[in-house]
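Peer 1: Got a structure for you, written out below as structure tokens; questions coming shortly.
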Amino acid sequence: MEIGNPLVIKNFTKKYGNYNAVENLSLSLHFGEVFGFLGPNGSGKSTTIRTIMNFIQPTLGSITVHGFDSVKDDVQIKNNIGYIAGEIALYNSLTGYQVINYLANLGRTVDNRFVSQLSGKLQAELDQHIGKLSKGNRQKLGLILACMHKPKLLILDEPTSGLDPLIKQAFYDLVLEMKQNGTTIFLSSHDFAEVEKICDRVGFIREGRLITIQDIQDILDVNIRKYRIVFRNAPNIADFESVQGISDLKLNDRILTLTISGNIENFIHHLGKYSVIDLHEQETTLEDIFLQFYEK
């Protein structure tokens with residue numbers, strides 16, 4: 000029987016002098032979900048993850064993993080958590096197999112059959128010395144080390160950095176398989192397509208503050224459209240600058256591109272003043288929504 004939610008962050012603040020790296024952040028993960036954590040560099044993502052892992056301690060607030068306090072119950076948490084850092088630091092003189100055996104000797108649970116499956120799926124080179132591995136192959140080893148004990152909670156910080164598209168897809172399949180088996184995943188990534196593909200919910204953080212948490216599908220259903228319009232003659236861009244909800248206006252000769260949120264009636268009215276040769280509505284992506292949040 001599980002004890003407490005997989006991850007609960009309550010009123011978490013991390014100060015460095017007078018600077019708030021993270022301010023009053025609260026969130027709670029659901030069992031068996033993949034949660035995306037998005038924000039630009041310096042927004043507080045890594046600080047949050049490092050605090051979850053108890054590499055640093057919160058100035059205010061609390062973080063619990065399955066009911067265990069991140070500071071007081073560090074040992075219990077580490078036994079039930081898998082983690083891959085944005086920058087992996089490993090023993091260059093050892094092979095992947097030697098690192099796995101070393102961790103097993105320290106008491107880390109290792110499912111050797113699962114390690115073999117992971118190695119095959121990710122095409123990892125576990126018999127090679129780490130110092131000779133490419134960035135992508137080091138990343139594969141990091142993923143195996145994070146997943147090999149089948150943790151209840153998986154913390155992933157830029158997990159597919161350096162991986163080629165085929166291995167990325169193998170990783171996505173692995174995440175969804177672990178999710179189906181009850182693992183909860185907390186994912187920080189700059190790859191919007193990745194987050195859109197595998198996450199159930201996403202939280203946006205900006206300047207240390209959590210802006211919103213929403214279901215991925217709800218975000219994608221938001222009424223935001225992108226248009227590319229070809230006119231017979233170059234339009235007056237000022238006609239469109241005054242339309243409420245329009246942003247990202249760019250005019251290149253007779254081609255106008257723009258983003259519009261909300262009601263499009265005003266936009267259609269202004270469009271009617273011109274002779275239009277072609278109008279193309281582009282699919283809205285998670286990245287488009289992300290940029291809308293950060294321009295507010």
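Mapped onto numbering that gives the first Met the number 0, the consecutive letters of the sequence shown carry residue numbers 0 to 295.
We put the CB at the ideal spot given by N, CA and C, even for glycine.
These numbers come from a predicted model, not from an experiment.
In chain order, which continuous runs of the beta strand (DSSP E) of length 3 or greater are located wholly inside the segment 214-279?
Peer 2: The segment 214-279 contains these whole beta strand (DSSP E) runs: 223-230, 245-251 and 254-260.
Peer 1: Using DSSP bridges, identify the partner residues of N19.
Peer 2: Bridge partners of N19: K14.
Peer 1: Between the segment 128-141 and the segment 84-92, are three or more C-beta pairs nearer than 8 Å?
Peer 2: Judged by Cβ distances under 8 Å, the segment 128-141 makes contact with the segment 84-92, as three or more pairs qualify.
Peer 1: Answer with buried or exposed for Y18, where buried requires no fewer than 16 other C-beta atoms within 10 angstroms of its C-beta.
Peer 2: Exposed is the call here.
Peer 1: At which residues does the alpha helix (DSSP H) containing L117 begin and terminate?
Peer 2: Here the alpha helix (DSSP H) through L117 covers N111 to L121.
Peer 1: Could you tell me if Q138 is buried or exposed, where buried requires 16 or more neighbouring beta carbons within 10 angstroms of its beta carbon?
Peer 2: Buried, because 16 or more other Cβ atoms sit within 10 Å of the Cβ of Q138.
Peer 1: List the DSSP bridge partners of L59.
Peer 2: For L59, which the question treats as bridged, DSSP gives the partners T12.
Peer 1: Can the beta-carbon of I245 be found closer than 8 Å to that of F266?
Peer 2: Yes; because the gap between Cβ atoms is below 8 Å, this pair is in contact.
Peer 1: Taking the beta strand (DSSP E) that T371 falls in, what are its first and last residues?
Peer 2: Here the chain has residues from 0 to 295 only, and residue 371 is not among them.
Peer 1: Using the beta-carbon count (16 or more within 10 Å), is I276 buried or exposed?
Peer 2: Exposed, because fewer than 16 other Cβ atoms sit within 10 Å of the Cβ of I276.
Peer 1: When the Cα of I143 is compared with those of L209, S27, Q179 and L102, which residue comes out closest?
Peer 2: The shortest C-alpha separation from I143 is found at L102.
Peer 1: If you measure between the beta carbons of C198 and V64, is that distance less than 8 Å?
Peer 2: No, the pair does not count as a contact, with Cβ atoms beyond the cut-off.
Peer 1: Quick one: is K249 buried, meaning 16 or more other Cβ sit within 10 Å of its Cβ, or exposed?
Peer 2: Exposed: under 16 other Cβ atoms inside 10 Å.
Peer 1: Within a Cβ cutoff of 6 Å, which residues of the same chain sit near K225, ignoring the five residues on either side of it in sequence?
Peer 2: These residues qualify, in order along the chain: T258 and Q281.
Peer 1: Cβ of S260 within 8 Å of Cβ of I223?
Peer 2: Against a cut-off of 8 Å, the Cβ pair of I223 and S260 comes out as a contact.
Peer 1: Which residue wins for smallest C-alpha separation from K9, given the options G16, N23 and G35?
Peer 2: Answer by Cα proximity: N23.
Peer 1: Under three-state DSSP, which class holds T47?
Peer 2: Note: T47 maps to helix in three-state DSSP.
Peer 1: Taking Cβ to Cβ, would you say S69 is nearer than 8 Å to T94?
Peer 2: Cβ atoms of S69 and T94: not closer than 8 Å.
Peer 1: Leaving out the 5 sequence neighbours to the left and right, which residues in its chain are closer than 8 Å to F11 when beta-carbon positions are compared?
Peer 2: Correct list, in chain order: V21, N23, L24, S25, T47, T50, P57, L59, G60, S61 and I62.
Peer 1: By a C-beta neighbour count over all protein chains shown, 10 Å radius and 16 as the cutoff for buried, is E240 buried or exposed?
Peer 2: Exposed.
Peer 1: Please state if the CB of L6 and the CB of T183 are separated by a distance shorter than 8 Å.
Peer 2: Yes, these two residues count as a Cβ contact at 8 Å.
Peer 1: Name the one or two DSSP bridge partners that T211 has.
Peer 2: T211 is bridged to F203.
Peer 1: For E1, count neighbouring Cβ atoms within 10 angstroms of its own Cβ and tell me buried if that reaches 16, exposed if not.
Peer 2: With a pLDDT of only 48 at E1, under the threshold of 50, the placement of this residue in the model should not be trusted, and no figure is reported.
Peer 1: For L153 and G81, what's the separation of their Cα atoms in angstroms?
Peer 2: Their backbone Cα atoms lie some 5 Å apart in a straight line.
Peer 1: Grouping DSSP H, G and I as helix and E and B as strand, with all else coil, what is G135?
Peer 2: In this structure, G135 counts as helix in the three-state DSSP scheme.
Peer 1: Could you have a look at I197 and say whether DSSP puts it in helix, strand or coil?
Peer 2: I197: helix per DSSP, three-state reduction.
Peer 1: May I ask you to list the residues that DSSP assigns as paired with T94?
Peer 2: According to DSSP, T94 bridges with H128.
Peer 1: Please classify I166: is it buried, with 16 or more other beta-carbons within 10 angstroms of its beta-carbon, or exposed?
Peer 2: It is buried - the Cβ of I166 has at least 16 other Cβ atoms within 10 Å.
Peer 1: Kindly indicate which residue of G3, D156 and L255 has the alpha-carbon position closest to the one of G43.
Peer 2: It is D156.
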